[in-house]
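Each residue of the sequence shown is one higher than the one before, starting from 284 at the first, in the numbering used here. Where a beta carbon is used, it is the ideal one built from N, C-alpha and C, also for glycine.
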Amino acid sequence: LQPSYSNLDYKIVNSKLDKSPIIAKKEMIDWLNNNLKLSANPKVIIGHYPMISYGMYGINHDLILDLLPIIRKHKVKYYISGHDHNLQIVDIISKDFSMKQLISGATSYLYPVLKNKSEKVFYKYGYIVIDIDLNTITIFDSLENVLLVEDFLL
Numbered sequence: 284l285q286p287s288y289s290n291l292d293y294k295i296v297n298s299k300l301d302k303s304p305i306i307a308k309k310e311m312i313d314w315l316n317n318n319l320k321l322s323a324n325p326k327v328i329i330g331h332y333p334m335i336s337y338g339m340y341g342i343n344h345d346l347i348l349d350l351l352p353i354i355r356k357h358k359v360k361y362y363i364s365g366h367d368h369n370l371q372i373v374d375i376i377s378k379d380f381s382m383k384q385l386i387s388g389a390t391s392y393l394y395p396v397l398k399n400k401s402e403k404v405f406y407k408y409g410y411i412v413i414d415i416d417l418n419t420i421t422i423f424d425s426l427e428n429v430l431l432v433e434d435f436l437l
């Protein structure tokens, strides 16, 4: 449920399939695409698996093929996931689009990480905390260290 005072539009993608994978995937993609077009507010998608990871999972080609066109079309600002057991802020940039992917999966176990250009990949236990205040987003680690602050505007 989204509070009526929120200026954020968020969608949570179900990663537990109770139907055949092909039918469930098509229904989820259609649902996401239809719901994202209903709002002009800044958008966030939450899913279990990362699209791109500097950890042991690397690039998830299926998610890139299925989600990235929808993410670009609807100008999604953030994609939040877990699965990879570390903390990461990954910039996904092309000539006409940019977004951040946040990976927070380091509460029970740690997987090794590779360093990326933004140096926002952390091999330490913890989780991220996201604070959205009017038109600013601040991302903290579990020790309240600020990892990122940026405008959250359309």
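What separation, rounded to the nearest whole angstrom, lies between the Cα atoms of residue i and residue j?
i, j, result
"Ile312", "Asp349", "7 Å"
"Pro286", "Asn324", "Residue placement at Pro286 is flagged as unreliable, the pLDDT there being 49, under the threshold of 50; a coordinate-derived value is accordingly withheld."
"Leu346", "Asp367", "15 Å"
"Gly365", "Glu427", "19 Å"
"His357", "Tyr394", "32 Å"
"Lys308", "His344", "14 Å"
"Leu431", "Phe380", "19 Å"
"Ile422", "Val429", "6 Å"
"Met382", "Leu351", "10 Å"
Compute the distance between the beta-carbons of residue i and residue j, then report whether it is under 7 Å.
i, j, result
"Val396", "Asn369", "yes"
"Glu433", "Ile415", "no"
"Tyr337", "Val404", "yes"
"Gln384", "Ile375", "yes"
"Gly409", "Ser391", "no"
Provide the residue span of the beta strand (DSSP E) that contains residue i, from first to last.
i, result
"Asp434", "429-434"
"Lys320", "That residue, Lys320, is in no beta strand (DSSP E); it is neither H nor E in DSSP."
Need the endpoints of the alpha helix (DSSP H) that residue i sits in, please.
i, result
"Leu346", "344-356"
"Leu471", "This structure cannot settle anything about residue 471, because the visible part of the chain is limited to 284 through 437."
Which residue or residues does DSSP assign as beta-bridge partners of residue i?
i, result
"Met382", "Ile375"
"Tyr362", "Ile328, Gln384"
"Ala307", "According to DSSP, Ala307 bridges with nothing at all."
Since residue i and residue j are thought to touch, with beta carbons under 8 Å apart, how far apart are those beta carbons, to the nearest angstrom?
i, j, result
"Ile363", "Ile329", "5 Å"
"Lys326", "Val373", "Going by Cβ atoms, the distance from Lys326 to Val373 rounds to 17 Å, so no, they are not a contact pair."
"Ile354", "Asn316", "The Cβ separation is near 10 Å, so there is no contact."
Given the structure, does residue i come close to the ligand MN, in the sense that its CB is under 6 Å from one of the ligand's heavy atoms?
i, result
"Lys308", "Among the components modelled here there is no ligand, and therefore nothing to report on the ligand MN."
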